[in-house]
Ligand code: KPL
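Numbering (the UniProt record's numbering), first residue to last: 1 to 303.
Right under this line is the structure:
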């Protein structure tokens, strides 16, 4: 079985490491400098059924990149480029699958690795860190992958091991459309839940009705300009479904802000604002949320 390397030992990366290991794949975790010299502890995964499983992975550091054959990048959006820059020895044959939230990173990765197959992935699995190496899989979701450069067009076969491990993985030639649709959901749920300190499902309460409506419309207007064809009604239905399915989860932005980590605000709300300004669309709610999240992050010294 082929080995998968995971760059980004956050909640989602660790869950994916666990799911791949459960299917017998060797998995290596690319660790950052702060882990050097420390004993590599085992990952403990709390499965959807509540079982605790120890997951054995091979620790690797950037200078060992020449050993990689399949790379899943599960860092936060703002870490992708910096983390990949360290992997100069990556073989040109190694596909790089980018799984971060938000948009605006892929071009830089294409420039860094012009010969590697670059793929974008969109996933709706839920994951949460209980402590550094104790990870909870909080929701089973769908995973879609697709090509982000010419070299990646023949990589449909990667869906097979990923489907077996994750329960679902499908190929999309138009992965950017799916990435955009996920961005639209994140641009509504993430800043609102982070700003108000609530679970995803709480946004369905009447007290959020007005701000939710306004933000949804602003984001939808931008999406239309980006080529999206989904109607406002369908977008609202999709949003509600995500809020219902992830009702008891805290969004990733809520978790980042609550734990004093940097957020992906620039790649989610910031991206929407950039596009709104390019197309001269008003986006006052987006703008206000952006400022509030940035302020809260900087109050915590994280911006
Ligand atoms: O992707 C998510 C995130 O938290 O980043 C959602 C879909 C909002 C689920 O929490």
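Built from N, CA and C at the ideal position, the CB exists for glycine as well. Given the structure is predicted, the values throughout are model-derived calculations rather than measurements.
Given the structure, does residue i come close to the ligand MG, in the sense that its CB is under 8 angstroms from one of the ligand's heavy atoms?
i: residue 297; result: Within the structure as shown, the ligand MG is missing, the only ligands being the ligand KPL.
Which term fits residue i, buried or exposed, when burial requires 16 or more other beta carbons within 10 angstroms of its beta carbon?
i: residue 165; result: buried
i: residue 182; result: buried
i: residue 29; result: buried
i: residue 162; result: buried
i: residue 54; result: exposed
i: residue 260; result: exposed
i: residue 158; result: buried
i: residue 254; result: buried
i: residue 131; result: exposed
i: residue 258; result: exposed
i: residue 79; result: buried
i: residue 231; result: exposed
In terms of residues, what are the limits of the alpha helix (DSSP H) holding residue i?
i: residue 297; result: 284 to 299
i: residue 123; result: It is not in any alpha helix (DSSP H) - residue 123 instead sits in the beta strand (DSSP E) that spans 118 to 123.
i: residue 58; result: Taken as a continuous stretch (DSSP letters only), residue 58 belongs to no alpha helix (DSSP H), being part of the beta strand (DSSP E) at 58 to 60.
i: residue 111; result: 106 to 112
i: residue 193; result: 175 to 196
i: residue 12; result: 11 to 22
i: residue 83; result: 80 to 85
i: residue 217; result: 209 to 225
i: residue 278; result: 269 to 278
i: residue 52; result: Where residue 52 is concerned, there is no enclosing alpha helix (DSSP H), although the beta strand (DSSP E) it sits in stretches over 52 to 55.
i: residue 257; result: 252 to 258
Taking the alpha carbon of residue i as the reference point, which residue from the options has its own alpha carbon closest?
i: residue 241; options: 201, 8, 30; result: 201
i: residue 118; options: 100, 148, 282; result: 148
i: residue 275; options: 41, 221, 239; result: 221
i: residue 297; options: 19, 191, 27; result: 191
i: residue 280; options: 260, 52, 225, 246; result: 225
i: residue 171; options: 123, 213, 263; result: 123
i: residue 129; options: 289, 250, 282; result: 250
i: residue 52; options: 252, 64, 137; result: 137
i: residue 217; options: 205, 294, 207, 239; result: 239
i: residue 176; options: 142, 120, 23; result: 120
i: residue 283; options: 68, 38, 195, 214; result: 214
i: residue 6; options: 37, 35, 233, 58; result: 58
i: residue 235; options: 84, 49, 114, 187; result: 187
i: residue 91; options: 76, 113, 83, 72; result: 113
i: residue 204; options: 247, 150, 227; result: 247
i: residue 267; options: 300, 180, 212; result: 180
i: residue 151; options: 116, 127, 185; result: 116
i: residue 99; options: 48, 160, 153, 10; result: 10
i: residue 42; options: 228, 49, 56, 195; result: 56
i: residue 17; options: 245, 127, 244, 156; result: 127
Since residue i and residue j should fall inside the 8 angstroms C-beta cutoff, what is the C-beta to C-beta distance between them, to a whole number of angstroms?
i: residue 109; j: residue 96; result: 7 angstroms
i: residue 286; j: residue 272; result: 6 angstroms
i: residue 31; j: residue 60; result: 7 angstroms
i: residue 8; j: residue 74; result: 4 angstroms
i: residue 125; j: residue 139; result: 6 angstroms
i: residue 3; j: residue 26; result: 4 angstroms
i: residue 146; j: residue 174; result: 7 angstroms
i: residue 68; j: residue 94; result: 5 angstroms
Confirm the yes/no value for this check: CB of residue i, any heavy atom of the ligand KPL, distance under 8 angstroms.
i: residue 246; result: yes
i: residue 236; result: no
i: residue 182; result: yes
i: residue 185; result: yes
i: residue 242; result: yes
i: residue 96; result: no
i: residue 28; result: no
i: residue 250; result: yes
i: residue 253; result: yes
i: residue 124; result: yes
i: residue 189; result: yes
i: residue 200; result: yes
i: residue 149; result: no
i: residue 101; result: yes
Span of the beta strand (DSSP E) holding residue i?
i: residue 230; result: Unbroken run through residue 230: none, as it is neither H nor E.
i: residue 29; result: 27 to 30
i: residue 126; result: 126 to 131
i: residue 147; result: 143 to 147
i: residue 138; result: 134 to 139
i: residue 98; result: 96 to 98
i: residue 45; result: 43 to 46
i: residue 162; result: Where residue 162 is concerned, there is no enclosing beta strand (DSSP E), although the alpha helix (DSSP H) it sits in stretches over 159 to 166.
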